[in-house]
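Quick notes on the structure that follows.
Residue numbers (my numbering): 1 to 275.
Listed below in structure tokens is the structure:
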């Protein structure tokens, strides 16, 4: 039976689903590591711009959240910079790189998805696939993608997004995943010139590691005014995805153009990463 949730923002989702897992999660130990797990979790976030898990007594690495979002939107990966920001990611390298990095996998697909939505606002074919069965079933790969696919629909003049994941750790994974995916959603909406709708996060195995229960249980209620992030604009009158990638890379590599009027979200991302 599926676990179905509906929240206004990511903070509420993190707190409440975590509490539910602590009280009702079933024990499972993949690779011998103890977890509490729900199978088939569907979570809807009504306001995807309210995606940051701040103000709830949870240590939140803004640099990591922004770095992952920019690499996904920009379609690139920078292992050295990611390991500098979050050293624990080094354990997932294979041959010095992250073969499961999402950005390069969706880069050749995202423009086609946007074009399909432009051509037919009722399309059901705006899909990008992350999982690659030719590579991701190999035993020697450490960086196996947790995400299977992402898709978008325009309904009632709003862009809705659904992400399907085979596995998601709510404490270390979900907290940052929801930032990068909602910011991709907002960026696609910007490209299409439409409002942002719901974000839906579908997970086959939602879990927490038992070693993290004490930290998770210490989370508190919402105590801050939310910071709303609206994705990348691309800084061009003729919105295309190469312009989006250029802006994402300029923010990531601290190379802003003084002659460009960046959005509040773009400036916030730059400050969070380099300030």
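Every residue gets a Cβ at the ideal spot worked out from N, C-alpha and C, and that includes glycine.
* Below 8 Å, can you find three or more Cβ-Cβ pairs linking the region 54-62 to the region 220-227? -> yes
* When the Cα of residue 13 is compared with those of 101, 105, 178, which residue comes out closest? -> Counting from 1 along the chain shown, the entry for residue 13 is found at position 13. Of the candidates 101, 105, 178, the one whose C-alpha sits nearest the C-alpha of residue 13 is 178.
* To do: Kindly identify the DSSP beta-bridge partner or partners of residue 162.
  => Reading the chain shown from its first residue, position 162 is the one you call residue 162. Answer is 151, 200.
* To do: Would you mind stating whether residue 85 and residue 70 have Cβ atoms separated by less than 7 Å?
  => One-based indexing of the chain shown puts residue 85 at position 85. One-based indexing of the chain shown puts residue 70 at position 70. Cβ distance not < 7 Å, so residue 85 and residue 70 don't count as in contact.
* Rounded straight-line distance, which links the Cα of residue 163 to that of residue 26 -> Working through the chain shown from its first residue, we reach residue 26 at position 26. Working through the chain shown from its first residue, we reach residue 163 at position 163. Rounded to the nearest angstrom, the two C-alpha atoms are 23 Å apart.
* **Continuous beta strand (DSSP E) stretch holding residue 56: start and end** => Your numbering for residue 56 matches position 56 in the chain shown. Counting along the chain, residue 56 falls outside any beta strand (DSSP E), and DSSP gives it neither H nor E.
* Cβ atoms of residue 207 and residue 35: under 7 Å apart, would you say? -> Residue numbering aside, residue 35 sits at position 35 when the chain shown is read from its first letter. Residue numbering aside, residue 207 sits at position 207 when the chain shown is read from its first letter. A contact, by the Cβ cut-off of 7 Å.
* To do: Give, in chain order, every unbroken run of the alpha helix (DSSP H) that is at least 4 residues long and sits entirely within the region 17-103.
  => 62-74, 79-85
* Taking Cβ positions, are residue 200 and residue 165 nearer each other than 7 Å? -> Stepping through the chain shown from its first residue, residue 200 is reached at position 200. Stepping through the chain shown from its first residue, residue 165 is reached at position 165. Against a cut-off of 7 Å, the Cβ pair of residue 165 and residue 200 comes out as no contact.
* Whole-angstrom distance between residue 4 and residue 17, CA atom to CA atom -> Your numbering for residue 17 matches position 17 in the chain shown. Your numbering for residue 4 matches position 4 in the chain shown. Their backbone Cα atoms lie some 10 Å apart in a straight line.
* In terms of residue numbering, what span does the alpha helix (DSSP H) encompassing residue 188 cover? -> As a first step, residue 188 must be located in the chain shown, where it is residue number 188. Run containing residue 188: 175-192, per the alpha helix (DSSP H) assignment.
* Beta-bridge pairing of residue 265 - partner residues as DSSP gives them -> In the chain shown, counting from the first residue as 1, residue 265 sits at position 265. Paired residues: none, contrary to the question.
* **Sub-7 Å separation of residue 232 and residue 187 beta-carbons** => For the purposes of this step, residue 232 is identified with residue 232 of the chain shown, where counting begins at 1. For the purposes of this step, residue 187 is identified with residue 187 of the chain shown, where counting begins at 1. Contact: yes.
* Collapsed DSSP secondary structure at residue 249 in the structure displayed -> On the chain shown, position 249 is the one that residue 249 refers to. Residue 249 falls in the helix class under three-state DSSP.
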